[in-house]
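In UniProt numbering, the protein residues as written are 1 to 534.
In this text, a Cβ means the ideal position worked out from N, Cα and C, and glycines have one as well.
Owing to the predicted nature of the structure, the values given are computational and were not obtained by experimental measurement.
Quick notes on the structure that follows.
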């Protein structure tokens with residue numbers, strides 16, 4: 001017995017035992033045959049490349065069968081097991097004979113070996129094609145069964161859906177139903193999340209979770225499979241989490257935040273094992289505060305209902321990581337608009353601002369005041385589009401902390417974007433008109449890549465000059481600024497900066513005008529680089 005045989009035979013025996021113990025008679029034998037075929041193909045002295053291809057094809061057949069065995073009924077499983085095993089036995093018999101040939105015998109039988117390899121490949125392909133077609137028919141049947149379950153509102157629906165999601169192909173089947181207009185993905189997401197919660201509750205321990213993560217049964221293989229299926233379902237359909245309190249589903253990465261804003265610290269996180277998310281820990285708003293919990297519960301439905309390409313998706317909140325409430329949203333690798341433009345100075349600034357204007361118009365249509373419009377709160381998506389974030393937070397923080405939003409915003413570095421009526425104390429909470437004034441400042445910031453009133457060093461001086469002299473930004477004269485700040489755009493910015501709130505144009509007028517100006521700018525600068533993501 002050579003060295004390879006001494007290694008292969010115990011492995012083959014182990015594969016056979018593992019398959020049979022696993023409850024699929026014959027599947028273990030198929031695994032042993034694969035190991036033998038691979039060993040034989042390595043020892044054939046001619047047609048090395050073709051033999052390696054043959055071994056790979058045999059392995060592909062076995063792996064495909066293993067991946068889909070959960071979909072098969074017992075009778076179907078036996079049928080395909082017999083067919084796979086019979087074909088693999090033929091391939092093993094032939095390759096074992098070729099492996100026994102000396103170099104001289106292999107030379108004499110060269111044509112027979114070549115023809116035999118082709119015959120083996122055809123037989124393997126035939127079984128693989130037959131099984132793949134059968135698996136597809138079964139998948140369609142499973143989809144019909146799932147649809148019937150959803151419509152009948154079966155009392156065992158949750159456990160049935162967990163079984164679907166535990167199948168490697170389950171998420172794709174649900175996505176196919178969704179693409180045909182059946183609208184099942186949201187319900188599957190909800191029942192899947194609740195099912196995971198049930199599993200977590202059965203794994204409750206008295207141990208305190210490690211910092212930055214919540215207590216979840218990570219050793220449960222079924223739990224992990226369902227998590228990955230829900231993540232895949234999210235990728236395939238775009239359906240967000242249906243249950244908005246994401247406790248147990250999210251982990252926080254790192255010991256320190258990666259960024260900070262007016263109200264929050266931002267951390268990297270993962271949802272459902274492999275979805276990268278941003279976790280915003282709201283400073284001073286503790287999870288133990290009943291008032292904070294109640295206030296967020298009121299906003300959850302509102303934020304979750306928002307659906308616009310220029311509004312950052314809200315996934316939910318987490319209250320079981322650390323001491324503060326964390327808001328969860330998809331991570332945006334490109335960061336904020338100002339940061340992105342500094343790295344990509346030739347990107348289309350006007351296009352990004354147009355997207356932001358339509359996002360802000362959408363919020364105002366929904367009676368939502370952003371409250372802190374500035375470049376830092378407009379992100380750039382993977383597709384190179386503007387995405388507004390942190391909307392409505394100023395009002396929430398004001399309600400929970402009982403401190404006027406104007407005071408918080410002033411202290412946290414937003415003075416240069418704030419409307420005069422907030423700074424002067426005429427009102428304590430931001431309004432739609434305040435958003436419009438701030439949007440004008442954001443246009444200035446993103447076209448010049450400078451903060452408003454950058455020539456004035458201290459925020460206190462800005463406040464003084466605004467209150468005493470009602471100053472407005474000076475029109476910059478640099479070539480780069482002139483490229484984007486057309487007369488039309490400057491006139492619109494000046495309209496946004498009217499000191500009387502009622503004289504400022506509404507976003508319903510500003511957004512279409514921004515689009516018109518974008519077309520004008522494209523006509524003036526036909527060589528402008530497009531707004532592609534690099």
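For the set 404, 351, 412, 408, the Cα lying nearest the Cα of residue 378 is the one of 351.
Excluding its 5 nearest sequence neighbours in each direction, residue 449 has C-beta neighbours in its own chain below 7 Å: 338, 341, 342, listed in chain order. Scanning the segment 450–519 from its first residue to its last, no whole beta strand (DSSP E) run of 3-plus residues comes out. The C-beta distance from residue 185 to residue 233 rounds to 6 Å, short enough to fall under 8 Å. At the C-beta level, residue 267 and residue 253 come within 8 Å of one another. With the rule of 3 Cβ pairs closer than 8 Å, the segment 97–112 does not count as touching the segment 76–87.
If you draw a straight line from the Cα of residue 123 to the Cα of residue 61, it comes to about 11 Å. Around the CB of residue 464, fewer than 16 other CB atoms lie within 10 Å, so the residue is classed as exposed. Distance from the Cα of residue 518 is smallest, within the candidate group 443, 167, 93, for 443.
Taking the Cα positions, residue 258 is about 15 Å away from residue 327.
A direct Cα-Cα distance of roughly 15 Å separates residue 92 from residue 50. Judged by DSSP secondary structure, residue 192 falls within the alpha helix (DSSP H) whose first and last residues are 185–202.
Residue 329 sits buried, since 16 or more C-beta atoms from the chains shown fall within 10 Å of its C-beta. In the three-state DSSP reduction, residue 324 falls in the strand class (E or B).
If you check the CB distance, residue 43 and residue 99 come in under 8 Å.
The beta-carbon distance between residue 514 and residue 354, rounded to whole angstroms, is 5 Å. This is short enough to meet the 8 Å contact definition. For residue 172, there are no CB contacts under 6 Å within the same chain when 5 residues up- and downstream are skipped. Annotated three-state conformation of residue 331 is coil, per DSSP. Residue 478 counts as exposed, since fewer than 16 other beta carbons sit within 10 angstroms of its beta carbon. The Cβ atoms of residue 226 and residue 315 do not sit closer than 8 Å to each other.
Within the DSSP bridge table, the entry for residue 270 names 251, 276 as partners.
Residues of the same chain with a CB within less than 6 Å of the CB of residue 357, apart from the 5 flanking positions on each side, are 510, 511, 514 in chain order.
Rounded to whole angstroms, the separation of the alpha carbons of residue 264 and residue 324 is 10 Å. Excluding its 5 nearest sequence neighbours in each direction, residue 428 has C-beta neighbours in its own chain below 7 Å: 404, 405, 406, listed in chain order. Between residue 281 and residue 335, the gap from beta carbon to beta carbon reaches 8 Å or more. Non-local C-beta neighbours of residue 33 in its own chain, meaning closer than 6 Å and more than five positions away in sequence, comprise 88, 92, ordered along the chain. Between residue 332 and residue 380 a beta carbon distance of about 6 Å is seen, short of the 8 Å cut, so the two are scored as contacting. By the beta-carbon neighbour count (other beta carbons within 10 angstroms, threshold 16), residue 143 is buried.
Cα atoms of residue 452 and residue 480: separation of roughly 16 Å, rounded to the nearest angstrom. The three-state reading of DSSP puts residue 386 in strand, counting E and B together. Counting along the chain, the unbroken beta strand (DSSP E) around residue 316 starts and ends at 316–318. Within its own chain, the residues whose Cβ lies closer than 7 Å to the Cβ of residue 437, once the five positions on either side in sequence are excluded, are 419, 496, 497, 504, listed in chain order.
Nearest to residue 474 by alpha-carbon distance, out of 101, 445, 421, 460, is 445. Rounded to whole angstroms, residue 162 and residue 195 show a C-alpha spacing of 7 Å.
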